[in-house]
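Presented below is the structure to which this report refers.
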Amino acid sequence: MKLGVKGEHLRFCYQNRCIIEHTDFGVLPGEFCVIVGANGSGKSTLMDLLCGIVVPQEGEIRWVDEAGERIDPKSHVAYVQQNTASLHKGFPATALEVVLSALNGKKKWFSHFNNADKDKAMEKLKDVGMHEIPHAKLSSLSGGQIQRVFLAQALMSDPEAILLDEPTSSLDTAFSHTFFQLLKNINHDNGTTIIAITHDMALAREFADTVYCLEETSIVALDKNQIEEELSHRHSHPHREEDHGTAAL
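Below, the structure is given as structure tokens:
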């Protein structure tokens, strides 16, 4: 099964400020979607809406299968939060333990994990290229490696869709490209729907099937020409490169 998502007539306000107002949004089953926008534009709020962490004050979000039938996302959608690398850098656990922790809803303690659980965790670590160092502590890993570990953790539920909130925000350009290539491989090989937030328009251009921009409470689909125009503008104003998060897209 492949999953898509539809948001219709969405409106969400917080402390008298409307972040998303009367707008639609949709990702087809099996698509790779990237969401861009200025800092404070509401990208993380949209991700929270998609995850069901918050609900829109108006409109609705529906996860659907290829036939358009409504699906409960709880057991089908995985979420990789923002800043996982920096937040968990000192966490006293190994890569394998972190991946196994995805089963904590079913298993109470690490000691209760059986060989089948550990084999599956190793398989997911292999999928992200981290199987050679499963017993490495997070504190010994780079930001890119930690991000791969948490992606493997998300894969433990065999999700039909993965949501990622700025997964490369703490990574350099080379690691960011490698990570997005990994996501594209998962998307291509498994048919997994990917929805990722990023400030990097070059990554959006290279890997995304669909690119949305949050701008002035609206969610706007960008075509290839608009993406190229934005990249050209940034290359023409290199001193603004540090302000990707605050410049309007």
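So the sequence shown is numbered by our numbering: it starts at 7 and just counts up by one. From the three backbone atoms N, C-alpha and C, an ideal C-beta is built for every residue, glycine too.
Limits of the unbroken alpha helix (DSSP H) element including H194: T179 to N196
Since K130 and A99 should fall inside the 8 angstroms C-beta cutoff, what is the C-beta to C-beta distance between them, to a whole number of angstroms? Not a contact, Cβ separation roughly 15 angstroms.
DSSP puts R76 in a beta bridge; with which residues? As DSSP reads the structure, R76 sits in a beta bridge with V70.
Once the 5 residues before and after L255 are set aside, which same chain residues still bring their CB inside 7 angstroms of it? At L255 the pLDDT is 27, less than 50, meaning the model places this residue with poor confidence and gives no usable figure here.
CA-CA distance, E27 and E72? Rounded to the nearest angstrom, the two C-alpha atoms are 27 angstroms apart.
To which residues of the same chain is C39 closer than 8 angstroms at the C-beta, ignoring the five residues directly before and after it? V33, T199, I200, I201, A202, A214, D215, T216, V217 and Y218
Output needed for G48: all residues of its chain with C-beta closer than 7 angstroms, excluding positions within five of it in sequence on either side, in chain order. I25, I26 and L220
Using C-beta distances below 7 angstroms, list every residue in its chain close to G65, excluding the 5 sequence neighbours before and after it, in chain order. G13, E14, H15, L16 and R17
Going by C-alpha distance, which of L189, I139, H141 and M162 is nearest A122? M162
In this structure, what does DSSP give as the bridge partners for R17? E27 and E64
According to the neighbour-count rule (16 or more other Cβ atoms, all chains shown, within 10 Å of its Cβ), is T179 buried or exposed? exposed
So for E221, helix, strand or coil by DSSP? strand
Looking only at its chain, what residues have a beta carbon closer than 8 angstroms to the beta carbon of T184, apart from the 5 residues adjacent to it on each side? G150
Cβ neighbour criterion (16 or more within 10 Å) applied to R154: buried
By how many angstroms is the C-alpha of L188 removed from the C-alpha of H4? An answer regarding residue 4 cannot be provided, because it is not within the stretch 7 to 255 covered by the chain.
Quick one: using the 10 Å Cβ neighbour count with 16 as the cut-off for buried, is V61 buried or exposed? exposed
Check this for me: beta carbons of H82 and L9, under 7 angstroms apart or not? yes
Any idea what DSSP makes of A158, helix, strand or coil? helix
Under 7 angstroms between C-beta atoms of L102 and A84: no
When S224, F119 and R23 are compared against F31, the one with the closest alpha-carbon: S224
Do F156 and V86 count as a contact pair if the criterion is CB distance below 7 angstroms? yes
Residues in its own chain within less than 8 angstroms of Y20 by CB, not counting five upstream and five downstream? T51
Compare the C-alpha of G74 against each of N196, D133, P35 and F186 and name the closest. P35
Using only alpha-carbon positions, find the residue among T29, M53 and G46 that is nearest to R23. G46
Measuring only the C-alpha atoms, how far is S107 from D133? About 17 angstroms.
Nearest residue (CA-CA) to N196, options M53, P165, F119 and D54: N196 has its Cα closest to that of P165, out of M53, P165, F119 and D54.
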